[in-house]
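*Asks:*
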Amino acid sequence: MSVRYLGVNQHGHDVGVVQANRPAPTRRAVYYFEMGVKNAGQKGQTSIGFTTENFKMRRQPGWESNSLGYHGDDGLLYRGGKSESFGPKFTSGDTVGAGINYFSQELFFTKNGSLVGSVQKEIKGPLYPTIAVHSQDEEATVNFGKEPFCFDIEGYIFKEKMKQQSVSDKLFLQTDISHWIVRSYLLHYGYQDTLNSFDMASETDPPSNHQNGYGEPPEMYGLSHRKLLRQLIMNGDIDSAFKRLGEWYPQVIKDETSVICFLLHSQRFIEFIRAGQLEDAVKYARSNLANFLTHKAFDGLLKESVTLLAYEKPAESCIGYLLDSPQREFVADAVNAAVLSTNPSMKDPESCLYSCLEKLLRQLTVCSFERRAFNGDQGDAFLLHKEVQTCDRSRCS
Numbered sequence: 001m002s003v004r005y006l007g008v009n010q011h012g013h014d015v016g017v018v019q020a021n022r023p024a025p026t027r028r029a030v031y032y033f034e035m036g037v038k039n040a041g042q043k044g045q046t047s048i049g050f051t052t053e054n055f056k057m058r059r060q061p062g063w064e065s066n067s068l069g070y071h072g073d074d075g076l077l078y079r080g081g082k083s084e085s086f087g088p089k090f091t092s093g094d095t096v097g098a099g100i101n102y103f104s105q106e107l108f109f110t111k112n113g114s115l116v117g118s119v120q121k122e123i124k125g126p127l128y129p130t131i132a133v134h135s136q137d138e139e140a141t142v143n144f145g146k147e148p149f150c151f152d153i154e155g156y157i158f159k160e161k162m163k164q165q166s167v168s169d170k171l172f173l174q175t176d177i178s179h180w181i182v183r184s185y186l187l188h189y190g191y192q193d194t195l196n197s198f199d200m201a202s203e204t205d206p207p208s209n210h211q212n213g214y215g216e217p218p219e220m221y222g223l224s225h226r227k228l229l230r231q232l233i234m235n236g237d238i239d240s241a242f243k244r245l246g247e248w249y250p251q252v253i254k255d256e257t258s259v260i261c262f263l264l265h266s267q268r269f270i271e272f273i274r275a276g277q278l279e280d281a282v283k284y285a286r287s288n289l290a291n292f293l294t295h296k297a298f299d300g301l302l303k304e305s306v307t308l309l310a311y312e313k314p315a316e317s318c319i320g321y322l323l324d325s326p327q328r329e330f331v332a333d334a335v336n337a338a339v340l341s342t343n344p345s346m347k348d349p350e351s352c353l354y355s356c357l358e359k360l361l362r363q364l365t366v367c368s369f370e371r372r373a374f375n376g377d378q379g380d381a382f383l384l385h386k387e388v389q390t391c392d393r394s395r396c397s
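With the UniProt record's numbering applied, the sequence shown has no gaps in its numbers, which climb one by one up to 397 at the end.
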């Protein structure tokens, strides 16, 4: 898109202004666009910046309240009608850019691929990308990203993210905290063999009681039993899992209409489907799943499980995921948590639902959402997997 000034510039209210028809998007880390000055005209009064929806379209951005602009004729930054020293002038052949850094809540400008400077974002509400021309024959083009930018915006975003990460990196953590967190995770889910290999491969000795003030994790409770129960469920041997629970932790399955009993019975039904034993699946459903029909909390999984009977190739159906390993793992995790909840030294039964690692990640997610809310719901939406990838790239760089 291009714009050209055809007037004669007689006063300050005959500016040629082009404002985007949509505000800058806010669900991202940084927003950016560029203007190419094809012709500076008689006075070189081109400008670039941001304005609000009700901005007067015959004035330069920055001359009115709730607007900001970087001007080419004097290199000044104008905001709310006041000017301040900012950067170099720009003229024909130059490419200038304007952006919003939602990380730092700043507005920044560039010239010919180099960062000029930034100022605090004081304007509230949606901001519209805006350019202006104000003397005869001035002509400019706008690039919203359809063409490659002159400024390395991806590199800028990466550096800004690394700045945010560096704040966390400066926090003091005990040297063995990562080892302790990983070890606690393995303990929590009963991965005893992996835990033993982890301890053998690590240069850090397994923590003793009360080391670093943490004490021995309560997840040590029933470790060998939980390991075996997980193996049985992951192998599809639900009958043996029921038997072992009855021997070791009968209180877990004492209530025949409990969540754990439902999950185990539904998984046993699913295992019949996996094996192609449809008649046995129907019999099992009638004798063991019928008791859960009146429980609305189980309605969703119960209906999906029984619906598997309707498909000739249930694994290829829309609910075929029930036949995959993650469903077994889901049931195994639930049984694992139920066993942990029987630990008499467990002060908070709900703490058995998540490992320390998962609690930390949940806390990180909540804090990130709160920070974004504090910034007016502006900035990159927090996605945990993206943050992990960013950390991996930073370590490789």
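The C-beta atom is built at its ideal place from N, Cα and C for all residues, glycine as well. Predicted, not measured: the structure shown is a model, and the values here were computed from it.
Excluding five sequence neighbours on each side, which residues of the same chain lie with their C-beta closer than 7 Å to the C-beta of K121?
*Replies:* Here residue 121 is taken as the residue at index 121 of the sequence shown, counted from 1. Excluding positions up to five away in sequence, the list reads I100, Q105, E106, L107.
*Asks:* When you compare only the Cα positions, how much space is there between D176 and Y189?
*Replies:* The count along the sequence shown starts at 1 and reaches residue 176 at position 176. The count along the sequence shown starts at 1 and reaches residue 189 at position 189. In a straight line, the C-alpha of D176 is about 21 Å away from that of Y189.
*Asks:* For I48, collect the residues of the same chain with a Cβ closer than 6 Å to its Cβ; drop the 5 residues on either side in sequence, then sort them by chain order.
*Replies:* Reading the sequence shown from its first residue, position 48 is the one you call residue 48. Excluding positions up to five away in sequence, the list reads M35, Y70, V96, A98, I131.
*Asks:* Which of the three DSSP states, helix, strand or coil, is assigned to T307?
*Replies:* Within the sequence shown, numbered from 1, the residue matching residue 307 stands at position 307. Three-state result, T307: helix.
*Asks:* To which residues does DSSP link R79 through a beta bridge?
*Replies:* Numbered from 1 along the sequence shown, position 79 holds the residue referred to as residue 79. DSSP lists L68, K82 as partners of R79.
*Asks:* Over the uninterrupted alpha helix (DSSP H) stretch that includes K227, give me the two end residues.
*Replies:* Translated into the one-based positions of the sequence shown, residue 227 becomes position 227. Note, K227: alpha helix (DSSP H), 223 to 234.
*Asks:* Which partner residues does K111 have in the DSSP bridge list?
*Replies:* Reading the sequence shown from its first residue, position 111 is the one you call residue 111. Answer by DSSP bridge pairing, in chain order: V96, S114.
*Asks:* Check the C-beta distance from S305 over to F269 and give it rounded, since I have them as a contact under 8 Å.
*Replies:* On the sequence shown, residue 305 is found 305 positions in, with the first residue counted as 1. On the sequence shown, residue 269 is found 269 positions in, with the first residue counted as 1. Confirmed, Cβ separation roughly 6 Å.
*Asks:* With a cut-off of 8 Å on the beta carbons, I'd call L229 and R244 a contact; round off their distance for me.
*Replies:* Locating residue 229 in the sequence shown gives position 229, where the first residue counts as 1. Locating residue 244 in the sequence shown gives position 244, where the first residue counts as 1. The pair is a contact, with the Cβ atoms about 6 Å apart (cut-off 8 Å).
*Asks:* What does the alpha-carbon distance come out to for the pair L384 and A201?
*Replies:* As a working note, residue 384 is residue 384 in the sequence shown. As a working note, residue 201 is residue 201 in the sequence shown. For L384 and A201, the distance between alpha carbons rounds to 28 Å.
*Asks:* Okay, do the region 73 to 85 and the region 8 to 27 touch, 3+ Cβ pairs below 8 Å being the bar?
*Replies:* No, they do not touch.
*Asks:* Between F292, L361, S168, which lies nearest to S266 when the distance is taken from Cα to Cα?
*Replies:* Residue numbering aside, residue 266 sits at position 266 when the sequence shown is read from its first letter. For S266, the nearest C-alpha among the options comes from F292.
*Asks:* Taking 8 Å as the threshold, find out whether the region 299 to 318 comes into contact with the region 272 to 285 through three or more Cβ pairs.
*Replies:* The region 299 to 318 is in contact with the region 272 to 285.
*Asks:* Name the DSSP beta bridge partners of P129, please?
*Replies:* Indexing the sequence shown from 1 puts residue 129 at position 129. Paired residue(s): F50.
*Asks:* Would you mind giving the Cβ-Cβ distance between R274 and L323, rounded to the nearest angstrom? I have them listed as a contact below 8 Å.
*Replies:* What you label residue 274 is simply residue 274 of the sequence shown in a count that begins at 1. What you label residue 323 is simply residue 323 of the sequence shown in a count that begins at 1. That pair is a contact at about 5 Å.
*Asks:* DSSP has A140 in a bridge; who is on the other side?
*Replies:* Taking the sequence shown and counting its residues from 1, one reaches residue 140 at position 140. DSSP lists V3, V37 as partners of A140.
*Asks:* If you compare alpha carbons, which of D137, E312, Q60, S345 is closest to Q277?
*Replies:* As a first step, residue 277 must be located in the sequence shown, where it is residue number 277. With distances taken between Cα atoms, Q277 lies closest to E312.
*Asks:* Please list, in chain order, all residues of the same chain as F151 whose beta carbon is under 6 Å from its beta carbon, the five residues on each side excluded.
*Replies:* Residue 151 sits at position 151 when you count from the first residue of the sequence shown. So the list reads G97, T110, G113, once near-sequence residues are dropped.
*Asks:* Applying the 10 Å Cβ sphere with the 16-neighbour rule, what's the burial state of L302?
*Replies:* What you label residue 302 is simply residue 302 of the sequence shown in a count that begins at 1. Buried, by the Cβ-count rule.
*Asks:* May I ask you to list the residues that DSSP assigns as paired with G16?
*Replies:* As a first step, residue 16 is located in the sequence shown; it is residue number 16 there, counting from the start. In the DSSP output, where bridge partners are listed per residue, G16 has V133.
*Asks:* What residue range is occupied by the uninterrupted alpha helix (DSSP H) comprising T238?
*Replies:* Residue 238 sits at position 238 when you count from the first residue of the sequence shown. Correcting the residue identity first, residue 238 is Ile in this sequence and not Thr. Taken as a continuous stretch (DSSP letters only), the alpha helix (DSSP H) holding I238 covers 238 to 248.
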